[in-house]
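Everything on this sheet refers to the single structure shown next.
Numbering (the working numbering), first residue to last: 91 to 380.
Encoded structure:
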């Protein structure tokens, strides 16, 4: 069972420690985990939290991802001013003072401490370190920053490849998803036959560009084809950026439950319609595309 530890808490169980930001789980992360699993030790990973507006996966989303990956311990490190300004050696003293690491795994370019000055030679003075070769797709290094770039470009096909060896799409912990709690909205959609789920999304979540997307949603009542609206709702004079999802062929109540939506294709930009009837007709076209 996955155990979560906050920064400063102690993991007393001897373990194989995998170092990195672990914003989700791409092919590079998988290579590190596979190497660590060869030790037969319980697996612990570090993960950096709290980078506003730029996290592929939020804290709760990462818990879902890690819990499905065979990881035993997660050591959560908040991205604070203290962390940014901490000297590399002090970071390692704090880290290995709290984690009983028997073996340590990291990538070739792993850096840490203030201004990323911490290097592998210094790390190796604290623990037995195994450096795992960089994973590439063709000539391109697999990285979290590249995942984010493809997401911003709505290039879901390439994003799937970075997150898993399959070409996608898939609707589990391997793929990009948006997880939120269903909250009450304005209940306008139901008046013209398209009731939507309003999802509460933490501010650190990196979302695709504003627009209307086709995809899927996994809920407590099953998986459904979905239209996802990310952004404002100008037809109704609402400028606040939100995530709404219309679940095809779903009926029922999901308020207060956790839903994960998986955007798989960009359908169109957000538009302002003159009437609800125009919006309704456009949504029918969107459903046909999905």
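Just so you know, even glycine gets a beta-carbon here, dropped at the ideal spot from N, CA and C.
Rounded C-alpha distance that separates residue i from residue j
{"i": "residue 141", "j": "residue 108", "result": "20 Å"}
{"i": "residue 247", "j": "residue 270", "result": "23 Å"}
{"i": "residue 152", "j": "residue 292", "result": "13 Å"}
{"i": "residue 159", "j": "residue 367", "result": "46 Å"}
{"i": "residue 106", "j": "residue 208", "result": "20 Å"}
{"i": "residue 257", "j": "residue 133", "result": "Reliability fails at residue 257, whose pLDDT of 48 lies under 50, so the model's placement of it is uncertain and the value that follows must be treated cautiously. Using only the alpha carbons, I get a separation of about 27 Å."}
{"i": "residue 128", "j": "residue 243", "result": "36 Å"}
{"i": "residue 59", "j": "residue 229", "result": "This structure gives no information on residue 59, because the portion of the chain shown stretches from 91 to 380."}
{"i": "residue 313", "j": "residue 174", "result": "41 Å"}
{"i": "residue 315", "j": "residue 110", "result": "34 Å"}
{"i": "residue 126", "j": "residue 193", "result": "8 Å"}
{"i": "residue 200", "j": "residue 340", "result": "46 Å"}
{"i": "residue 98", "j": "residue 186", "result": "11 Å"}
{"i": "residue 369", "j": "residue 263", "result": "33 Å"}
{"i": "residue 350", "j": "residue 146", "result": "14 Å"}
{"i": "residue 115", "j": "residue 121", "result": "10 Å"}
{"i": "residue 178", "j": "residue 202", "result": "6 Å"}
{"i": "residue 233", "j": "residue 372", "result": "37 Å"}
{"i": "residue 206", "j": "residue 267", "result": "30 Å"}
{"i": "residue 220", "j": "residue 310", "result": "41 Å"}
{"i": "residue 102", "j": "residue 189", "result": "6 Å"}
{"i": "residue 112", "j": "residue 290", "result": "23 Å"}
Residue i, DSSP secondary structure in three states
{"i": "residue 170", "result": "coil"}
{"i": "residue 366", "result": "helix"}
{"i": "residue 189", "result": "strand"}
{"i": "residue 139", "result": "strand"}
{"i": "residue 372", "result": "helix"}
{"i": "residue 234", "result": "helix"}
{"i": "residue 153", "result": "helix"}
{"i": "residue 104", "result": "strand"}
{"i": "residue 257", "result": "With a pLDDT of 48 at residue 257, under the threshold of 50, the modelled position of this residue cannot be trusted; read the value that follows with caution. DSSP places residue 257 in coil when its eight states are reduced to three."}
{"i": "residue 264", "result": "coil"}
{"i": "residue 361", "result": "coil"}
{"i": "residue 178", "result": "helix"}
{"i": "residue 184", "result": "helix"}
{"i": "residue 223", "result": "coil"}
{"i": "residue 378", "result": "helix"}
{"i": "residue 113", "result": "coil"}
{"i": "residue 66", "result": "This structure cannot settle anything about residue 66, because the visible part of the chain is limited to 91 through 380."}
{"i": "residue 356", "result": "strand"}
{"i": "residue 206", "result": "helix"}
{"i": "residue 195", "result": "strand"}
{"i": "residue 211", "result": "helix"}
Cβ of residue i within 8 Å of any chain C Cβ
{"i": "residue 186", "result": "Absent from the structure is chain C; it holds one protein chain and no more."}
Residues that residue i bridges to, as DSSP identifies them
{"i": "residue 145", "result": "295"}
{"i": "residue 119", "result": "Residue 119 pairs with nothing; no bridge assigned."}
{"i": "residue 95", "result": "165"}
{"i": "residue 269", "result": "350"}
{"i": "residue 251", "result": "Looking at the DSSP assignment, residue 251 forms no beta bridge with any residue, so it has no partner."}
{"i": "residue 240", "result": "For residue 240, which the question treats as bridged, DSSP gives no partner whatsoever."}
{"i": "residue 134", "result": "107 and 163"}
Residue i CB to nearest heavy atom of the ligand MN below 7 Å
{"i": "residue 132", "result": "Looking for the ligand MN in the displayed structure turns up nothing, as the structure carries no ligands at all."}
* Asked: Can you give, in chain order, each stretch of the beta strand (DSSP E) that sits fully within the segment 280-351 and has at least 3 residues?
  -> 287-290, 301-309, 312-323 and 328-337
* To do: Please confirm if the segment 297-305 is in contact with the segment 350-369, defined as three or more CB-CB distances below 8 Å between the two stretches.
  => yes
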